[in-house]
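Asks: With the UniProt record's numbering, you'll find the sequence shown wraps up at 1210, consecutive numbering, no jumps. Each residue gets a CB set at the ideal place from its N, CA and C atoms; glycine is no exception. Fair warning: this is a prediction, and the values are worked out from it, not measured in the lab. Below: one structure in structure tokens.
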Amino acid sequence: MSIVTAKAFRQQIMKPAEGLFLFHARAIERLIEGQLGERLVGVTIPDLPYYLMPRADFLLGLETENAEALSVIEGLRLPEHVILLPSPPNQRLEQRSFTRLRYDYWARSFEAEVARTWQDARDCEEEGAGLNAGSLRALIGHDAFAEVREVLAHDGLILPVWDDDLICRSFVAFVVRLRYFAPGARGFFFPAIQVWPRVDRWLSVAGLDLPRPLVDERLPRLLLKSRPGSGARLRDDVPLLPTALPYGRSDPDLVEVLARTARASALTHPVHVAQASKGRARAQPGGTQAEPGSLTEECLEQRLLDAFAHGSRLDLQPDWIERLGDQLGIWWTRLLGVLRWVPPVLPWRLLGRRSRVAAAGNRLQREADLRADIALFEQTVSAAIRAQRGGYLALALRRLAAARRLARRLMPDALALPVALERVVAGRETLVETRFAEGLAERWAVDTHSRTELRALIHRLAEDDRARDGSPAAQGLLGCLEQLMREGPTDYYRLRVGPWLLHLGRTQIRELLPFQPMLKALRALETSRARLEELFWPITDLERFSTLLRTLNRAITDRLDTELTPRLEQAMREADFIPRNHREIVAAHKMKLELLDVIKHRRHLKFTDVRDIVARNILRLPDPNWGEFFRGDRLRRFDRTAQRALPGVYRPGEIYIKGLQQLGAPLFGTPLGRDLLRYLFLPFGGAYLVLKSMDLLMALFPFIDKRFYLTEPTSVILIGSLINLIAYTGIGRHLAEAVTFGGWRVLRFLAWDGPRELIRWWPIAGLLSTGLMRGLGRNLIQPLLIGILPLVPIIALAVLVDEVPIEPGLWLFGLAFALGTLARNTPAGRRFLDNLSTRIAAYLQRINQALFIGLIQQLLFFFKEVTRRFSQVLHRVDEGLTHHLSERWSSLAVKTLLSPLWRLSEALIQFYVTVLVEPQVNPVKHFPIVTIGHKLLLPFLPAITTAFVEVTESVLPKVIAYPLVTLTIVLLPGLFGFLVWELKENWKLYEANHREPLGSSDAEQTPAIAVEPASVGAHAETMRRLMCRGFHSGTLPKRFDRLRKVIREQLRDDNAYPKHLRRCQRQLEEVEHAIGVFVDREFSFALRERCRNPDCTLTRIETNTPRLATELVEISVAIYPRSADGDPNTEVQVGADSQRQDHADSNAVMLGIRITFDGRRMRFETDFSGAPERIGPRCWAMVSDDLRLFAGRAGADLRALEIELPVGLQ
């Protein structure tokens, strides 16, 4: 393997005469710092792919950076701007890696040359008039330009201090690079830009030589100029792109990429067909020469045909003996398959003895082996036929594939099966595939196109499974489709033995579970989608069959919604979740759909799920009264009604969760309780927790006096009173703000601003600029400081931990100076410092101010999700114990006996995990709540342990009672964490806790319900958290970051990553779906409800799919007003239960909504097209109200929001 050295790499890349140099990344940072000076204060320089520096600044920076290189470079005639490329960290590479690295640096050099040409054109007054950021912003739009700045800054292509013109220059260079090195990919880097043809014309008018890639054979002049070495050329293959996403469709290069990909697929398909035909021709009988004394191929084929025919003859209705024999035969088949094809290892060979193997031409031995193989083939066919007749069609295809592989092994010289045998096996496989597809289509009533796609999918999966080693992913997907086909409409039930005995047999002992088949089908489809992603198919085929699975999922969910919706509505009505105005109608509709989402996602609904949904909805609980004390509040009533209306789906709440919610009602649901909580429990309890936590932390330090405590009654009362003063009085808040701001300014002056201004003072600055001081700093002070840095933590650990007395002396300063000199004044040391500082800066750049808050939120979500997944496992076990109409009597008896035991065990496990274990292992809940709970429980643990032992010994043996008591006592402090966090969740349930506060002048009015940002998606993020980049947020920009990263990795490694691209595409589609659901439920449904109002002229509302960008969401809503001419062909009925019919205008009024995040706040903009004057002012007022409410739910500031209505309707 040839190794390319750093010298060879520099010779091919670096071109000093043309102003292109290679420097270490840290050296480039120092040159940039020297050029920009004070502008870089507090700014981190990213790892730029290149840097364009003026010639004068470059030569000035080299005086201090590398004087030896300056003496050589000064003799060159450099251009006005030089290009600095960072040298790769590893330059000794094998040939393939060197080729990829050289290609990457060719792209960098080309990008830098484009930037230099653009900058030279801008510097020319005559030509640079339109080459600025203003022209680009007018061309692509304000939001797209903001996305350009965000993407280039995040990917490390620009400096944060650059102005818009420099950002425009970097954008032009990067887009031109993408156009030639990754054709069609620029739309996925900048999804907000939809005018790529106009951008190309703008670049051509600017003077750049840009022939069309993949169309024109000529290459740009700058691309040829920057080509490293000789013989380098652009790659012929185009990068793999997620073409199912809508981004970049206006890019003409993407159209050409799709056309070239389609032509390549069309050309390769006939080649594969011809090769397969040629292989079958070679497999004709008589194509191989039989060995002397062996069976001919014709004879072996006939014996296999006879075995296939004999294995296909089965009784249509076998008795139990034959079924048992068939099952034993299947097990025997598996055993023979293992023993037959595993190479034998003789015992005497292991013992070192010589083996005496029989002669290879022993005819009797070969005949015995052949008979065993044919018997194995026959048994495999018999098992396949039995599986087919039993309805297990996926198993039948697996058995037939195994029989095919066995026949091929019996004829190793043939490339394919003989024609006659291939005909009968393929005929049986085709029959099974057809029945499989037809049965699945009939079960879920799909359309003709989906039937065709099902046949194609099943055939493709069966073909994959017929390969030499099979395909586990294809087998798993076929098994999921088989489960989907076998789910009957009313197959599942459960036995209610207790109620049946209690009512003396007057009730039904069997309770049907009508929703279980569809829920199991949804689970099978979810597994099918995961199995499909594991297949090594082209991305176009994966997208094609993913669409088919989504169609099946939509058919099943529509049927499930049809059956569940009336029952959920009944349960909500009986629980008094009844809307009373327009806003509550929208909230009730959303609540119902969220309950359906939980059922479809988790296959069951729990009391805690309903509680969380109610806490996010405006149909929260009112203040309780005495009547609700006896008959229960809304949640308790919904718990009772849903248990009857949703058998097998709804799981009632545990007594300790519902009881705690009822006990907290007087505290959270009454004015007196809220006042006690607000002014007494929270401030003074919080003060106690903070002081106690500080005591626990100070106890860890051995030098602090153990008798010193902060948790004293006086300190708790003082801090609690101070919290009340700051939180609930205006003067207290002003004092707190003043003290905080003043203290911060003093600390900043002492630590940063003061020393910096002192150094800038002209006497000090003049002294530091002398040659003597620069020499002292470079040769004495800097090495001393660098050497002290690694010694400080070592000395601190030795003094504080090991208590080793280390006194500072000359030997310590000498050691520090030696280390610093070695690191500062040697080439290896400087390289080490450069790499270390670069990595530390990159790490610190990833940490933002919201790190700790985000970490806490991520931990809470993680443990909440773990608890839910554990509940899912328990639910799966409970589902496994449900009864089925076609199950055997033995299974029925076993499940009947195990079900009561499992329900008791499940309740016990759920209690321990939820109440005791999760608060202990969750660090957010553990400290300080559980930690303080340990201290409070410590005096009572002996009495609690004695009581637990007495109770458990009376019902359990000691071998079980003692470990159970020990585990309970150890985990018991977790009860405090459970209580605190459950009470926090219960506080959100009451409507009065979410109303906006009133001023003193509004004391007589009723507080209005606050407009809170809505939760979007599975992670319950708000739109702001969805779009704002941070440690714990920014799902939307991070999805596009991941997509760009995958495309870059493909270009860097010269390899396609279809699975990574599919994952990125799926994640973006999930975000798009979540935002679409949010818009439909919060805004579109509100407008549809307005259609029922006789005073409103709206008749139909249609919401298009949202278009996403890095920090932009574009929503398009079509509003169809009532037609003025009353054309009968446009008659539209509004609503399923509405009696009013109106004539809809065929020309819709398009309402466009743009939601963006500008780094500080959410921006909400609207625009209208069409003829908005056809909608009357009164109806526009209703639309305006819904728009304002939707903007508040999207996170916009309603106080500064102005909804722009059409002209004349404001």
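Measuring only the C-alpha atoms, how far is Glu569 from Leu595?
Replies: Walking along the sequence shown from the start, residue 569 turns up at place 569. Walking along the sequence shown from the start, residue 595 turns up at place 595. Rounded to the nearest angstrom, the two C-alpha atoms are 11 Å apart.
Asks: Can you round the beta-carbon distance between Leu78 and Gly19 to whole angstroms, since I take them to be within the 8 Å contact cut?
Replies: Along the sequence shown, read from residue 1 onward, the residue named residue 78 stands at position 78. Along the sequence shown, read from residue 1 onward, the residue named residue 19 stands at position 19. Going by Cβ atoms, the distance from Leu78 to Gly19 rounds to 5 Å, so yes, they are a contact pair.
Asks: Using the C-alpha atoms, what's the distance from Asp561 back to His142?
Replies: As a first step, residue 142 must be located in the sequence shown, where it is residue number 142. As a first step, residue 561 must be located in the sequence shown, where it is residue number 561. Computed Cα separation, rounded: 42 Å.
Asks: Taking 7 Å as the limit between beta carbons, can you name the residues of its chain near Leu36, skipping five residues before and five after?
Replies: For this step, residue 36 is matched to residue 36 along the sequence shown. For Leu36, where only same-chain residues beyond five positions count, the Cβ hits under 7 Å are Val161.
Asks: Can you find at least 3 beta carbon pairs, one from the region 506 to 518 and one from the region 551 to 566, that sit closer than 8 Å?
Replies: Touching, yes.
Asks: Less than 7 Å between C-beta atoms, sequence neighbours within five positions excluded: which residues of the same chain meet that for Pro622?
Replies: As a position in the sequence shown, residue 622 is number 622, starting the count at 1. Taken in chain order, the residues that qualify are Glu991.
Asks: Does the distance from the C-beta atom of Arg466 to that of Arg404 stay below 8 Å?
Replies: Locating residue 466 in the sequence shown gives position 466, where the first residue counts as 1. Locating residue 404 in the sequence shown gives position 404, where the first residue counts as 1. Their beta carbons are under 8 Å apart, which means Arg466 touches Arg404 by this criterion.
Asks: For the alpha helix (DSSP H) containing Val917, list its first residue and its last residue.
Replies: To locate residue 917, count along the sequence shown from 1; it is residue 917. Here Val917 belongs to no alpha helix (DSSP H), and DSSP marks it neither H nor E.
Asks: Throw me the rounded Cβ distance for the Leu208 and Val114 pair, which I believe falls under 8 Å.
Replies: In the sequence shown, counting from the first residue as 1, residue 208 sits at position 208. In the sequence shown, counting from the first residue as 1, residue 114 sits at position 114. Right, the Cβ-Cβ distance comes to about 7 Å (below 8 Å), so this counts as a contact.
Asks: Output needed for Arg1062: all residues of its chain with C-beta closer than 7 Å, excluding positions within five of it in sequence on either side, in chain order.
Replies: Here the question's residue 1062 lines up with position 1062 in the sequence shown. Around Arg1062: Glu533, Ile539, Leu542.
Asks: Which parts of the region 1072 to 1122 are runs of the alpha helix (DSSP H), unbroken and 4 residues or longer, counting only runs that do not cross its ends?
Replies: The qualifying runs are 1085 to 1090.
Asks: Apply the 10 Å Cβ neighbour rule to Leu998 and answer buried if 16 or more other Cβ atoms are within range, or exposed otherwise.
Replies: Walking along the sequence shown from the start, residue 998 turns up at place 998. Reliability fails at Leu998, whose pLDDT of 48 lies under 50, so the model's placement of it is uncertain and the value that follows must be treated cautiously. Its Cβ having fewer than 16 others within 10 Å, Leu998 is exposed.
Asks: Who are the near neighbours of Leu881 in its chain, counting only those whose CB is closer than 7 Å to its CB and skipping five residues on each side?
Replies: Here the question's residue 881 lines up with position 881 in the sequence shown. Excluding sequence neighbours, Leu881 sits near Lys895, Leu898, Ser899, Trp902.
Asks: Can you give me the C-alpha to C-alpha distance between Ile704 and Ala798, rounded to a whole angstrom?
Replies: Taking the first residue of the sequence shown as position 1, residue 704 is located at position 704. Taking the first residue of the sequence shown as position 1, residue 798 is located at position 798. Approximately 19 Å between the Cα atoms of the pair.
Asks: Whose C-beta lies closer than 7 Å to the C-beta of Lys7 among residues of the same chain, with five residues either side of it excluded?
Replies: For the purposes of this step, residue 7 is taken as the residue at position 7 of the sequence shown. Hits under 7 Å: none found.
Asks: Going along the chain, which residues of its own chain have a beta-carbon closer than 7 Å to the beta-carbon of Phe863, five neighbours each way excluded?
Replies: What you label residue 863 is simply residue 863 of the sequence shown in a count that begins at 1. Taken in chain order, the residues that qualify are Glu918, Asn922.
Asks: Classify Val614: buried if its beta carbon has 16 or more other beta carbons within 10 angstroms, exposed otherwise.
Replies: By one-based count along the sequence shown, residue 614 stands at place 614. Label assigned to Val614: buried.
Asks: Does Ala893 pass the burial test, meaning 16 or more other C-beta atoms within 10 Å, or should it be called exposed?
Replies: Taking the first residue of the sequence shown as position 1, residue 893 is located at position 893. Ala893 comes out exposed.
Asks: Leaving out the 5 sequence neighbours to the left and right, which residues in its chain are closer than 6 Å to Gly732 when beta-carbon positions are compared?
Replies: As a working mapping, residue 732 is identified with position 732 in the sequence shown. Once the five neighbours on either side are set aside, the close Cβ partners of Gly732 are Leu725, Ile726.
Asks: Considering only C-alpha positions, which residue in the set Leu916, Ala192, Pro1013, Leu791 is nearest to Leu971?
Replies: Mapped onto the sequence shown, residue 971 falls at position 971. Ranking Leu916, Ala192, Pro1013, Leu791 by Cα distance to Leu971 puts Leu916 first.
Asks: Taking just the CA atoms, how far does Arg179 sit from Ala146?
Replies: For this step, residue 146 is matched to residue 146 along the sequence shown. For this step, residue 179 is matched to residue 179 along the sequence shown. Going by the C-alpha atoms only, they are around 21 Å apart.
Asks: Here's the rule: buried if 16 or more other CB atoms are within 10 angstroms of the residue's CB, otherwise exposed. What is Glu301?
Replies: The sequence position of residue 301 within the sequence shown is 301, counting from 1. Glu301 is buried by the Cβ-count criterion.
Asks: Just mark Trp1180 as buried or exposed, buried being the case when its beta carbon has 16 or more other beta carbons within 10 Å.
Replies: Walking along the sequence shown from the start, residue 1180 turns up at place 1180. Trp1180 is buried by the Cβ-count criterion.
Asks: Using DSSP's beta-bridge definition, name the partner residues of Phe21.
Replies: Position 21 of the sequence shown, counting from 1, holds the residue named residue 21. BP columns for Phe21 point to Leu84.
Asks: Give the range of the alpha helix (DSSP H) segment to which Leu635 is assigned.
Replies: As a working mapping, residue 635 is identified with position 635 in the sequence shown. From DSSP, the alpha helix (DSSP H) with Leu635 extends over 634 to 645.
Asks: Since Val1016 sits in a beta bridge, which residues does DSSP pair it with?
Replies: Start at 1 with the first residue of the sequence shown, and residue 1016 comes out as number 1016. The partner list for Val1016 (beta bridge, DSSP) reads Glu1021.
Asks: So the candidates are Phe23, Ser905, Thr1035, Gly669; which of them puts its Cα closest to the Cα of Arg995?
Replies: The sequence position of residue 995 within the sequence shown is 995, counting from 1. For Arg995, the nearest C-alpha among the options comes from Gly669.
Asks: Between the region 447 to 465 and the region 518 to 525, can you find at least three pairs of beta-carbon atoms closer than 8 Å?
Replies: Flag = no, the region 518 to 525 and the region 447 to 465 do not touch.
Asks: For Arg1107, which residues in the same chain have their Cβ closer than 6 Å to its Cβ, ignoring the five residues on either side in sequence?
Replies: Residue numbering aside, residue 1107 sits at position 1107 when the sequence shown is read from its first letter. Contacts found: Glu1114.
Asks: Might you give, ordered along the chain, the residues of its own chain that have their beta carbon closer than 6 Å to the beta carbon of Ile73, omitting 5 neighbours on each side?
Replies: Against the sequence shown, residue 73 aligns to sequence position 73. Excluding residues within five positions, none has a Cβ falling inside 6 Å.
Asks: Quick one: grab the DSSP three-state call for Ser1169.
Replies: In the sequence shown, residue 1169 corresponds to position 1169, counting from 1. If DSSP states are grouped into helix, strand and coil, Ser1169 belongs with the strands.
Asks: Considering only the alpha carbon of each residue, which of Ala173, Arg227, Leu136, Leu241 lies closest to Phe188?
Replies: Position 188 of the sequence shown, counted from the first residue, corresponds to residue 188. Among Ala173, Arg227, Leu136, Leu241, the Cα nearest to that of Phe188 belongs to Leu241.
Asks: Going straight from the alpha carbon of Leu525 to that of Leu1087, what length do you get?
Replies: Here the question's residue 525 lines up with position 525 in the sequence shown. Here the question's residue 1087 lines up with position 1087 in the sequence shown. Leu525 and Leu1087: Cα-Cα distance of roughly 34 Å.
Asks: Flag this pair as yes or no: are the beta carbons of Thr1097 and Arg1122 separated by less than 8 Å?
Replies: For this step, residue 1097 is matched to residue 1097 along the sequence shown. For this step, residue 1122 is matched to residue 1122 along the sequence shown. Yes, they are a contact pair.
Asks: Under the rule that 16 or more other beta-carbon atoms within 10 Å means buried, what is Cys1028, buried or exposed?
Replies: By 1-based counting over the sequence shown, the position of residue 1028 is 1028. Classification for Cys1028: buried.
Asks: Rounded to the nearest angstrom, what separates Leu48 and Leu152 at their Cα positions?
Replies: Residue mapping note: residue 48 aligns to position 48 of the sequence shown, counting from 1. Residue mapping note: residue 152 aligns to position 152 of the sequence shown, counting from 1. Looking at the two C-alpha atoms, the distance is approximately 10 Å.
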